[in-house]
Amino acid sequence: MRRRADVDRLRRLMRQVAACRACQLHGFLTEVRPVTAEAREARVLVIGQAPGPVTHREGIHFAGPAGRTLAGWFEAAGFPSGAAHKWPTLSAVWLTSLTRCFPGPSASGNGDRAPTSREVALCRPFLEEEIRVVDPDVIVLVGAMAVRAFLGPIKLEDAVGRRFEQDGRAVIAFPHSSGVSRWTNLPENRTKVERSIALLRAERERLVDTDAPSVNILSRGWQHDS
Ligand code: SF4
-17 MRRRADVDRL RRLMRQVAAC RACQLHGFLT EVRPVTAEAR EARVLVIGQA
33 PGPVTHREGI HFAGPAGRTL AGWFEAAGFP SGAAHKWPTL SAVWLTSLTR
83 CFPGPSASGN GDRAPTSREV ALCRPFLEEE IRVVDPDVIV LVGAMAVRAF
133 LGPIKLEDAV GRRFEQDGRA VIAFPHSSGV SRWTNLPENR TKVERSIALL
183 RAERERLVDT DAPSVNILSR GWQHDS
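Once you know that position 33 of the sequence shown is 15 in the working numbering, the rest is easy, because the numbers rise by one and skip nothing.
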């Protein structure tokens, strides 16, 4: 049976996320501002680590430099421009992350603080429900934290460039796209990223070939008025 998002349920979920104060109540954050999105259909779901400062400010997942890099990967995989996101290629996908509130800067001053495992656990029910209601065909994991959260204790270099499958969905891994990580400095790791892009392209082509209603989303991008 063709997968499709339950848009009404997704809308209700986004309202619950917006009202969440769990990390403040548990003393992890002094300010919480959960990032949500307008409920809509999407066949690909992207899971990052946590909002960065630009995402926190603008209230749009992957609004900062990490989004620009991610959009470049999707563009290289043939995803079309849409009108709903700061980086239009990302309009065709549903963006989310392990946690939805900016964790603040890291103690070292190099990038953002990684959310603790407890913060990730507090936010995980939202993510699980999001996966259930979007019901994507493809899940893209961005960064080592997201990779480990879904694929278990695996090294990033053993995950990027390979296709995994969970609950009948393709799972494709990428490194963290913020630019803080030096992981992609190694030529062999850049080759693995190219392989992940090729896997993403193959999944997109498979969806366009086999699932006519997705053509609007995957060939032309998602538009506000669609
Ligand atoms: S990160 Fe998630 S669990 Fe924590 S306050 Fe924000 S929405 Fe709630």
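Just so you know, even glycine gets a beta-carbon here, dropped at the ideal spot from N, CA and C. Being a predicted model, the structure only gives us computed values, none of them experimental.
Going along the chain, which unbroken runs of the alpha helix (DSSP H) with 4 or more residues stay wholly within the stretch 7 to 67? 35 to 40, 47 to 58
Exposed or buried, residue 71, counting other C-beta atoms within 10 Å across all chains shown (16 or more means buried)? buried
Verify whether the separation of the beta carbon atoms of residue 109 and residue 153 is less than 8 Å. no
Counting only the same chain and skipping the five closest in sequence on each side, list residues whose C-beta sits under 6 Å from that of residue 211. The structure shown does not extend to residue 211, since the chain is modelled only from -17 through 208, so no value can be given for it.
With a threshold of 7 Å, establish whether the CB of residue 25 neighbours any heavy atom of the ligand SF4. Residue 25 Cβ: outside cutoff for every heavy atom of the ligand SF4.
Using 8 Å as the threshold, is the C-beta distance between residue 219 and residue 69 below it? Since the first and last residues shown for the chain are -17 and 208, residue 219 lies out of range.
Please report the straight-line C-alpha distance between residue 24 and residue 90, rounded to a whole angstrom. 37 Å
Can residue 124 be considered in contact with the ligand SF4, in the sense that its beta carbon sits closer than 7 Å to one or more heavy atoms? no
How many Å lie between residue 64 and residue 86 at the Cα? 30 Å
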